[in-house]
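Engineer: Position 112 (the sequence shown) corresponds to 112 in UniProt numbering; numbering is contiguous. Beta carbons: idealized from backbone N, C-alpha and C, even for Gly. Just so you know, these numbers come straight off a predicted model, no measurement behind them. One structure is given below, represented as structure tokens, and several questions about it will come after.
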Amino acid sequence: MSWQGYVQNHLVGTSGGRISKAAIVGKQGGVWDAANLTLKPEEEKYITKCFDDVAVTQGSGLKLGDTKYFFVNADTDDKTKKLMFFRKGNDGVVLILIKTACIVVATYNAPHTVSEATIPTEKFADFLAGYV
């Protein structure tokens with residue numbers, strides 16, 4: 001299935017401005033689709049490894065472009081969907097691992113909050129889970 005346009009049409013474009021940039025990254029590598037976000041190869045590779053060892057991710061945070069985000073929290077108890085949260089100032093990133101297939105990456109900017117960003121990102125991840 002082609003995911004071209006899904007991130008813009010079903011996440012960034014429908015979030016009411018809560019999500020500024022987003023992507024779907026395959027767990028084995030490769031960007032399936034993205035909106036307003038260009039990942040460097042090393043960022044893509046790091047994102048695919050974030051959920052493998054939460055302690056390492058907790059210590060190193062996440063770098064996207066020129067911005068270094070600090071680890072805030074992880075919810076890895078659910079077997080079908082795992083979440084990670086990163087923050088820099090009032091801006092942040094939500095990562096959601098769907099099953100073992102892909103990771104949704106979503107960034108938000110102030111004045112929006114992590115809660116406001118997580119709701120549409122989880123909704124999109126749940127939609128995506130039906131297809132992967």
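1) Going by the DSSP bridge assignment, what does A87 pair with across the sheet?
2) Just mark Y131 as buried or exposed, buried being the case when its beta carbon has 16 or more other beta carbons within 10 Å.
3) Between E43 and A23, what straight-line distance do the alpha-carbon atoms span, to the nearest angstrom?
4) Starting from A34, follow its DSSP beta bridges and name the residues at the other end.
5) Using beta-carbon positions only, say whether K21 and T107 come within less than 8 angstroms of one another.
6) Thinking just about the alpha-carbon of each residue, which of T57, I103, F86 is nearest to the one in S115?
7) Assuming I47 and I103 form a contact by the criterion Cβ under 8 angstroms, report the distance between their Cβ atoms to the nearest whole angstrom.
8) For K68, tell me which candidate among A74, S60, W32 has the shortest Cα-Cα distance.
9) Does DSSP put D126 in a helix, in a strand, or in coil?
10) Give the single residue among V31, N109, A110 whose Cα lies nearest to the Cα of K45.
11) Taking only three categories from DSSP, how would you classify V132?
12) Closest by CA to G89, which one among V72, D77, I98?
13) Determine the closest residue to N109 out of G65, G92, I119, Q4, with distance taken between C-alpha atoms.
Structural biologist: On the basis of the data shown:
1) Looking at the sequence itself, residue 87 is Arg, so the reference to Ala does not match. R87 pairs with F70, G92.
2) With fewer than 16 other Cβ atoms within 10 Å, it is exposed.
3) 12 angstroms
4) A23
5) yes
6) Ranking T57, I103, F86 by Cα distance to S115 puts F86 first.
7) 6 angstroms
8) When C-alpha distances from K68 are compared across A74, S60, W32, the shortest belongs to S60.
9) Secondary structure of D126 (DSSP, three-state): helix.
10) Nearest to K45 by C-alpha distance, out of V31, N109, A110, is V31.
11) coil
12) Nearest in C-alpha terms to G89, of all of V72, D77, I98, is V72.
13) G92
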